[in-house]
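Residue numbers (the numbering used here), protein chains in the order written: chain A, 1 to 127; chain B, 1001 to 1931; chain C, 2001 to 2122; chain D, 3001 to 3166; chain E, 4001 to 4089; chain F, 5001 to 5508.
Step one of this worksheet: look at the structure below.
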Amino acid sequence: MSFWVEVIVSILLIIGGTFVLVGSIGLFRLKDVYCRLHGPTKATTVGLGGILLSSMIYMSHHNGYLSIHELLITLFLVITAPVTAHILAKAAMHHKVKTMEATRNSHMVTTAREQRPPVSDNDAGSS
Amino acid sequence: MSLFWIPVLLVLGVLVPIICERFGRNVCTVATMALPGLALAKILSIVPEVFAGNVITEYLSWIPSAGLILSLRVDGLALLFALLILGIGLLIIFYASYYLSEEEAIGRFYAYLILFMTAMLSIVLANNLLQLWMAWEITSISSFLLISFWSSKSESRKGARMALTVTGAGGLALLAGFLLIGDIVGSYDLSVVLNSGDTIRDHALYPVALLLVLAGAFTKSAQFPFHFWLPHAMAAPTPVSAYLHSATMVKAGIFLLALFYPVLAGTDLWFFVVSMTGLATFLIGAYLALFQHDLKGLLAYSTISHLGLITLLLGINTQLAAIAALFHIMNHAVFKASLFMAAGIIDHETGTRDMRRLNGLWKYMPHTATLATVSAASMAGIPLFNGFLSKEMFFAETLDQVALGSLSWMIPVLATLGGILSVAYSMRFIHDVFFNKEPEGLPKTPAEPPRYMKFPVEILVVICLLVGIVPDFMIGDLLAISATALLPDGPLPEYSLSIWHGLNLPLLMSVIAIFGGLLVYAYRHPLYRFQSQFRETDAKLVFEGIMQGGIQQVSRLHNTLSNGSLQRYIALLLILVIVMTAIPIIQLDSAAGNLTDQAVNGIEITLAMLLCISAVATAILHKQRMIALIAISVVGLIVSITFARFSAPDLALTQLAVEIVTVILLMLALFFLPQKTPADSAPKRIVRDLGIAAILGGIVATINYAIITRPFDSISDFFIANSKTGGGGTNVVNVILVDFRGFDTLGEITVLGIAALGIFKLLTRIRLSMPTANDKGIAWSKDVHPPILVMISQSLLPLALLVSAYIFIRGHNLPGGGFIAGLVTSVAIIQQYIAHGVDWIKPRIKLNYQNLIAWGVLLAALTGVGSWLFDRPFLTSWFDYFDIPWIGKIELASAIIFDLGVYLTVVGATLLILANLGKLTTEHRPTVEEE
Amino acid sequence: METLYVLCVGVMTFSGVFLCLRGRTFPVVLGLMMLGYAVNLFLFSSGRLNLDGAAILGKSEIYADPLPQALVLTAIVIGFAMIAFIVILSMRARADLGNDYVDGKEPPDSSMNSPSRWSSKK
Amino acid sequence: MSIITRLLPMPAHSFLLLIVWLMLNVSFSLGHIILGSVLAVIIPLLCAPLQVPQPKLKRPLRAVRYVFMVLGDIVVANVQVAILVVGPMRRIKPGFVAIPIDLEETLLITILASTVTMTPGTLSAELSKDKNWLYVHVLNMPDNEEEVISLIKNRYESAIKEIFQC
Amino acid sequence: MLETAVICVGIMISIALILNLWRLLVGPDLVDRIVALDTMYINSIALIMLFGMYNKTSLYFEAALLIAMLGFVSSVAFGKYILRGDIIE
Amino acid sequence: MMDHLPILPILIPLFGGLLMLLPPFAGVERYVNRRIGTTLLCVLHIVATIFLMNSVSENGSMMYAIGNWQAPFGIIMFADPLAVMLVLLTGFLGLASTLYAFAGTDREGRYFHPIMQFQIMGITGAFLTHDLFNLFVFFEVLLIASYALLIHGGGKQRTLANVHYVILNLVGSSLFLFALGTLYGTTGTLNIADMSLKISTLSAREQVIAEAGGMLLLVVFGLKAAILPLHFWLPRTYAAASAPVAALFAIMTKVGVYGIFRVYTVIFGEQAGQLSGMIQPWIWPLAILTVIIGTVGVLASPDLRNLTGNLVIISVGTLLMAFAIRTPEATAAGFYYLIHSTLISAALFMIADMIGQQRGKAVDRFVIARKVQQPALLGLMFFVAAMAIAGLPPFSGFIGKLIILQSAFSDSDKVWVWSIVLISSLLTIIALSRAGTTLFWRHAGDRDKADKTAVSYWQIGGVSLLLIASPLIVIYGAPVIKYTGHAAQQLHDLSAAVSVMQLKGVQQ
Ligand code: NA
Ligand code: NA
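Right under this line is the structure:
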């Protein structure tokens, strides 16, 4: 295996791994459900993309032909991850999970969970 | 004509009354008597041969390996009993046609009676111990049916059950005795057994065999202490009492003693047990007979007493005593049967059997009274009647023994005492019923019975008189020839059958007995007063009490043991597993084998840690069900990663797919189940369960470790070697599944299909309450089908189907296959159900999932049958490679069709389950219960 | 590796058995699933543990024992069918009996008695 | 209706399926192309009853550009999120915004929502029933909410409108 | 170098998985746990791809693809459960 | 077709069950088609089995290598006299149950006939297969079919009984797999005969591991067979099942017993060195206690179905005694008894159902209730069945018990076997006489004339088929016992099986 291929593969791998870890750290550290949803849906997906890319290059090199089926997994994740996040965010709102204190416009959860259009701050305060 | 015709005729005779009942009572009676009559004729026809001293035997092989060789034997003893059974039996049938009232099912009654007769006759004619025993048991059963003939009466049922229980118990002891004798002798053939007396008596197990046989004989013959059932058997119609409980069945025990006399008698044990039992029974029966107010009760206890007398004679171990016993058997049968019939007439004509109300009947029914008086005199042992002769022989024999040493004098004294009591109760039977003032408050005005109802009694009374007056002429030959059966060795001892033997001690005893008896009867009232101090114990109540109490205790024990607690059953199961596996495992000095542990890295440790933590978390958090479900999903995920890690990609895929489908299923179900487990088991139980779980976990781990650290040879090398050449695939696991062990897979998809059908059955007409809010009390969201989800789901469907096609097609050579492909398809469709809902999907998917299952399994099975066309066994695979221009080499294999069957079944089954489960909350729910 | 493996099997057996001994259907179902995992791993390992030898011809030199893999696959499928049945059966029991106790009624020795027992008798 | 349109109700789908098939099998052999084509015809036919008609892609090239733009945004966004996540938690000031959307078709809304979720610190949390408002959770809200709204509307929604020309 | 990278990433994913499990067990809300499970699915894909690279085989690809597909269905089902209780209606 | 005889009894019900799911058999209104079809299938199954039996009697045990993969690698169907006899029994029971169900049971819910066929298939397969894992698969087939049949007709009792039954058996199936893993992990094979050859070549330590596997199997089979203390599920389960189902279930305990006979005379048989007779110390007390606990249950039963369930437990205990004596003679006696007890207990379940049908709400409980409508008919059937099951002559139970008693070999065996069997018989007689007198003779008032609950001819036909068999196996006792003797001798003859399957290995 040529050195440069190995370098690229390794770098992509490390980057991917880092993002995966960051995603999980986010899940671990962030203070409310809505924030935590950002971790897995973004960082982890991207991290996985990195690892898959690395695997793709590596396997193509190893097998001697272009091994692009790893792309399919990425494609799949890119399509599905937002939906998962969306459904889970809906679920969180439905469960009336508390938002962290610093959250702005947290009153929007009330209208959002009923799928109503937003009301202005004043309205929200009065209702 | 073969002897076997006798039982055959009688068995056929059982059916006659049932068939003839519709033609009227008289026809029925005559028809019923016909076949036993023929049988009697057959017996009579061989009388000369038997009198000539021959023993007639016939054999018919049946189950020789079990010693069951049907075989009949007629010797003197059998002849004597056969004549009694058939002769008295015919009289009883005749009598019964008058006794039973018009509305009673006489056909059934006769059928039972003939059944009994068959069995009884089979006992005496049997030449094989097991055959004898079979007949013996059938007498118990038919006796049960006859006693309970008036089944609506509680006393009939209870009396019948008691008789069955006691004689049944004795019968089982007898079987054990017979088996033991069969073992000792090496044959069940009576001809052999009867010639092996010394072998048996010398055998170490002789006492056991003897006691077992005696248990059978004594229970049947109502010997003390088993006598209590007999009086209660009197709940039977009187013909039954006359036949079974005086003349024949109770004599079966006596017959048995007589039959085995040459084999078992002659020892001290025999003497002691048999004679003492007989003596006790004789006295107790006679004493209790005196105090009965029921006519039949008196006769019943008198029967017990006389049976005791005969037993005593057989126990005395002298030859003359044996002859006396035989003589008394005949005499007792005759006079007691006639007495019972007389009692039946009285009952029939007056409506009561209570001697306190029956008085002075001579005036109303003098003819009957005369007959009864003659029989009763015979019972009392008055000279000129047959009872006198045998009783005098009995007195003589009690004098002629020394077995009790210096106490031997007691036996004649007690015998005389018994004689006194016999006279007393006989006197009561005559005086209290036919004389002694006027009747009191009888339900009916007494009168003579129909003319022919007395006919059987008359015959028997005539016999009583004839035997009593000219005994030698009447029964001398019969007695002699039957005695030779008991005393086969050498000539019979001298004895004389005549009325007058001169002035001797036995005559004195008779005289004492007669006058003593009269005296006792005269002073009976103080005796009654004395006896009334003792609380009368009703054997029936005691017996029922013991039975009920026993059954209650047993039920309590049973209910304590099987309390309907599944937890207990599982715990018992697992404890048994622990005990049984721990014992071998403890013998293993060390679990480790000689393979060294492979190295582990951090990832593996992490995975193991995650696995263990989530497994334990599932257990700990099981009360919060959704969380437990999430935790177990992690377990499933890591298990599939583990499979992947240990070179089992197929397993990883399968595990993963199954896991997801199962979790979806559980979620669907959880909606209808409580969300949380509110109450829990007591801490003690939790500790117990933890203990069981921990030990079992330890044992499983130990066994697992012991296995995987040892090398082994397996048949798998064959599969690897032949996968490509023999199965046409490079994925050995898949080739095993669809080819080498395709039969397992066929079974497996059958299981899946049946499960789906069963689940559909479970879901039909299910009435579930749906929670309207979650466990936090938050009402469900109103967004039933989130548009974004709907959109993405429908775009993913073609992709998922493509992936499933991909997994299916490559399965034979690379990880994949029909099963996983099927699950992927199912999950994709389920995803559509989740996103769109049932109402939307239902009109759009026209698949009949039931047919899909059927076709799937059918396809797989047909692939298997297809190999028959090529003369190969079921499921023999076929594959070949074809070179197609431009495309190259492609492989076609029957396994692909098989796998397609698997695919269809999986899709059909999964969707049948999940879709129908989903439908529960919609109007499409399965409601048609009937197919 | 072997030690680690059997540790997992043991812990899963432990957890599965404990859950199987609970008094309500849902935990018992979880227990049976868990026991199923343990059993499958156990049966799988009877062909010994092989780290790099998937039984695909031509992909490696040493092959893992394919037979237990096939057996486990069958066992997984059968286990799935069985679990599906028991899951629906517990629903049916809940519907028919009005509670989710495996015995159809509260066990006599259950010490606690929560007032808010989830039951709906119609 | 011609046979071709009947066999290929969704040619784009079919083409995509063929490509995916070839990718899956890592093979461009004739055999796989034939097999893939067969599947690419059959599967859409099987799925047709479950498909709701969708707006047609009008400007494919623009779409490709959009994809690359989003990919780029994803990478950038993730670096930002990563820094936030690793850094001190108190610096994070999350919030909700409601974005008024002009798209009508569910498909387009879905694409927008997905894009929003995949890119900088935003997550599509809810869509109002009338499909006029997209509630978005923002991981680190800029002081001015309008920045987020205008970013989404200008950078993504307009692009989508352009691609589908509606 | 690649060897080291693989090991490093392996450790990273391990840590990630442990963090996921922590969140899964601690919650506090059910949604947190589901998010954790979903993340675990994705991290497992990474892990399996890593195994593949480590063993220089593409046999693990299907497993990864399947986790991606099925994990999505599972997470959506969990979400739907919280929203509606009844996941197919 | 003759070459494929050993597989036909499995395939006929399999195909039959599948066809029943498809037109022209599927559907609410086509029940007549289904009845005709299913009767033909049952008859076909019996005919095929009789041909097989004939062939096996003439030419010796047959083996059938599925997929043409020879032993020990492929799955072998091994039709020895024992297996064929049990398959015939299964077919016979299946036919009787099916006919009985025509009275209406088959229309009380869906899929009755197909699942019945699958049930027959599962049982048949379990008897015929000579592969331990395939045995597991067939166990699962018969179990899942029994789960589905058990809930047929619905009702609380059935659901509850099914919950217990299913959970216990799922635990049992897990144990079976543990056992399989252990045995494969030590012997490296799955074919039963081959395993018995391999066992003898193991080192002492490996044998200890195999012993643990063998013990696990004993628990598994014991659970199916309902031996103490794994019997608790049986009476309630069988009592809850609808009558034809309970009747067919009568053979299911025998599958467990069969497993014990097969595994512990072949795999852990005489060639197995220190493992030979390893369950002997267990089986004696378990057998005796099983008979005792069954007898206790018989006495304590509140109704006839429970009583019959407990009779099944007694029969299992008695069979285990026959096994424990460990001679071909005792085994043969056990087989005879097995045929008898299966047929009669099946008949009793049906009789209990018919009695219950005529006694209103009291059904078959031992309480005073209204009079049965057809006392003569039902009374006769009950009487015959009770006599037979209690071991009273001249019915089959007597012969069965007699030859078991005769086969007790040593003095201590005699003491145990004789006393236990005989005392249990006596108590059974007592219980049955109480049951019969209560059911038929204790009644409150006459029945309402308008209330027509007469049994149907299908029911009479089904029961008669079973009851008639009892005197038949008495009259033809000699050939039957000769056959069971042959079956027992073949079971004990490992070398014959090994040579039929052309296995290579250590032989003794
Ligand atoms: Na009087
Ligand atoms: Na639903």
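Every residue gets a Cβ at the ideal spot worked out from N, C-alpha and C, and that includes glycine.
query, result
"Per-residue contacts from Phe1789 (chain B) into chain E (C-beta, under 9 angstroms)", "Correcting the residue identity first, residue 1789 (chain B) is Leu in this sequence and not Phe. The answer, in chain order, is Val4076, Gly4079 and Lys4080."
"C-beta neighbour in chain B for Leu2073 (chain C), strict 8 angstroms", "yes"
"Backbone CA spacing between Ala81 (chain A) and Phe1882 (chain B) [nearest angstrom]", "44 angstroms"
"Cβ of Leu4059 (chain E) within 8 angstroms of any chain C Cβ", "yes"
"Cβ of Arg4023 (chain E) within 8 angstroms of any chain B Cβ", "no"
"Chain C residues whose Cβ lies nearer than 7 angstroms to that of Arg1741 (chain B)", "Ala2070"
"Gly1697 (chain B) and Thr2003 (chain C) closer than 8 angstroms at C-beta", "no"
"Beta-bridge pairing of Tyr2101 (chain C) - partner residues as DSSP gives them", "C:Arg2024"
"For Arg1073 (chain B), the first and last residue of its enclosing beta strand (DSSP E)", "Leu1068 to Val1074"
"Local Cβ density within 10 Å of Val5372 (chain F), reported as buried at 16 or more and exposed below that", "buried"
"CB contact below 8 angstroms: Leu2049 (chain C) versus chain F", "no"
"Buried or exposed (CB count within 10 angstroms, at least 16 for buried), Trp1886 (chain B)", "exposed"
"Closer than 8 angstroms to chain E by CB, Lys2105 (chain C)", "no"
"Min CB distance Ser1633 (chain B) to chain E below 8 angstroms", "yes"
"Counterpart residues of Met5063 (chain F) in DSSP-defined beta bridges", "F:Phe5078"
"For Thr99 (chain A) and Trp3133 (chain D), the rounded distance between their alpha carbons", "20 angstroms"
"Rounded separation between Leu1588 (chain B) and Tyr5238 (chain F) - CA only", "41 angstroms"
"Distance between Leu2057 (chain C) and Thr5189 (chain F) (C-alpha atoms, nearest Å)", "22 angstroms"
"Within-8 angstroms CB hit, Lys1724 (chain B) to chain C", "yes"
"Proximity of His1836 (chain B) and Asn1734 (chain B) at Cβ, strictly below 8 angstroms", "no"
"Min CB distance Met5215 (chain F) to chain B below 8 angstroms", "yes"
"With 16 other Cβ atoms within 10 Å as the buried cut-off, status of His5164 (chain F)", "buried"
"Assumed close pair Leu1746 (chain B), Ala1861 (chain B) - CB separation to whole angstroms, cut-off 8 angstroms", "6 angstroms"
"Cα-Cα separation between Gly5125 (chain F) and Leu5089 (chain F), rounded to whole angstroms", "13 angstroms"
"Ile1834 (chain B) versus Arg1556 (chain B): straight-line alpha-carbon distance, rounded", "52 angstroms"
"Distance between Ser5301 (chain F) and Ser5425 (chain F) (C-alpha atoms, nearest Å)", "16 angstroms"
"Contact list for Ile3034 (chain D) against chain A, beta-carbon separation under 8 angstroms", "What Ile3034 (chain D) touches in chain A: nothing, since even the nearest Cβ is about 19 angstroms away."
"Rounded straight-line distance, which links the Cα of Asn4043 (chain E) to that of Gly2016 (chain C)", "26 angstroms"
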